[in-house]
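Each residue of the sequence shown is one higher than the last, beginning at 433 in the working numbering. We put the beta carbon where it would ideally sit given N, CA and C, even for glycine. Have a look at the structure below, then the notes.
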Amino acid sequence: MSWTLCIDFGTAFSKAAVAPSNSWNHFEPGLIRPLMLGGENQGANTFLLPSAVFVDDERVLFGPAAIARAAALADQKRAALKSFKTLLSVSDLDRALNTRLPTSIDPHHHFSMGDLITLYLAYLGASIDRAIAADPVLERFAAFSRRYAAPAWRGADGAKPQPLQRTLQLVSPLMRRRSFSRTWARAQPISRRSLASARALRNWRMRGLR
433 MSWTLCIDFG
443 TAFSKAAVAP
453 SNSWNHFEPG
463 LIRPLMLGGE
473 NQGANTFLLP
483 SAVFVDDERV
493 LFGPAAIARA
503 AALADQKRAA
513 LKSFKTLLSV
523 SDLDRALNTR
533 LPTSIDPHHH
543 FSMGDLITLY
553 LAYLGASIDR
563 AIAADPVLER
573 FAAFSRRYAA
583 PAWRGADGAK
593 PQPLQRTLQL
603 VSPLMRRRSF
613 SRTWARAQPI
623 SRRSLASARA
633 LRNWRMRGLR
């Protein structure tokens with residue numbers, strides 16, 4: 433049996449599931465494998481991964497850890513970067529990705545918006561890899577075709593909006609780079625090397641979108 437990995441890079445939460453590749457023609461709900469992106473200790477949010485990034489003094493936190501750290505430092509006017517998917521729908525995507533972040537999110541101005549989105553996608557990819565490896569059915573399979581969730585609405589000409597098309601083009605290769613994503617599975621130290629890796633990967637992809 434061949435499988436398709438279905439990924440929803442969501443505004444508030446990201447989710448993923450694996451389904452038989454012929455599900456469009458013969459849908460059997462019992463064969464769907466929701467992925468436990470939050471691990472086995474996240475309670476009700478086991479299948480939901482918060483779309484959040486927190487820049488701490490010396491490290492970057494993702495998902496539940498980012499939310500918790502932001503709450504702990506709320507009295508210091510610190511905040512996590514959230515709902516960043518909505519920014520990817522703007523007409524000038526290049527400008528949005530190169531936007532600097534407010535001090536409440538990045539007090540030392542290490543990152544651009546695109547840097548943190550890139551790192552979150554690497555974290556999401558690593559979480560998916562980990563969940564697949566822990567699934568007793570899916571762990572035997574080495575490769576999956578992929579589908580990315582997208583809004584059903586279209587423009588007057590019947591085509592998907594151009595910013596959405598470019599966003600999907602950006603997301604896909606970032607999440608396929610397993611050698612990159614594995615290193616971002618948990619909190620990461622802020623270093624010149626890690627920043628250079630993120631920016632090189634994003635800049636490489638953005639050159640192909642222009």
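Residue i (DSSP reduced to helix, strand or coil)
i    : result
D440 : strand
R465 : strand
L480 : coil
L553 : helix
S523 : coil
S446 : strand
R505 : A small fix is needed here, since residue 505 is Leu in this sequence, not Arg. Here L505 sits in coil by DSSP.
I564 : helix
E571 : helix
P496 : helix
Beta bridge counterpart(s) of residue i as assigned by DSSP
i    : result
L513 : V485
R532 : S544
S577 : T436
A451 : T436
Proximity below 8 Å, CB of residue i to CB of residue j
i    : j    : result
I499 : A484 : yes
Y580 : F494 : no
L437 : R572 : no
V487 : F543 : yes
S446 : L570 : no
L533 : L513 : yes
F516 : I537 : no
V492 : L529 : no
Sequence-distant residues of its chain with Cβ nearer than 8 Å to residue i (five each side left out)
i    : result
I560 : L437, I439, A448, L467, L469, M607
A451 : W435, T436, C438, L463, I464, R465
A444 : P482, S483, K514, S515
Other residues of its chain near residue i: CB distance less than 6 Å, five sequence neighbours each side excluded
i    : result
T531 : M545
Close-in-space but distant-in-sequence residues of the same chain around residue i (CB under 7 Å, 5 per side omitted)
i    : result
S453 : S434, W435, T436, S577
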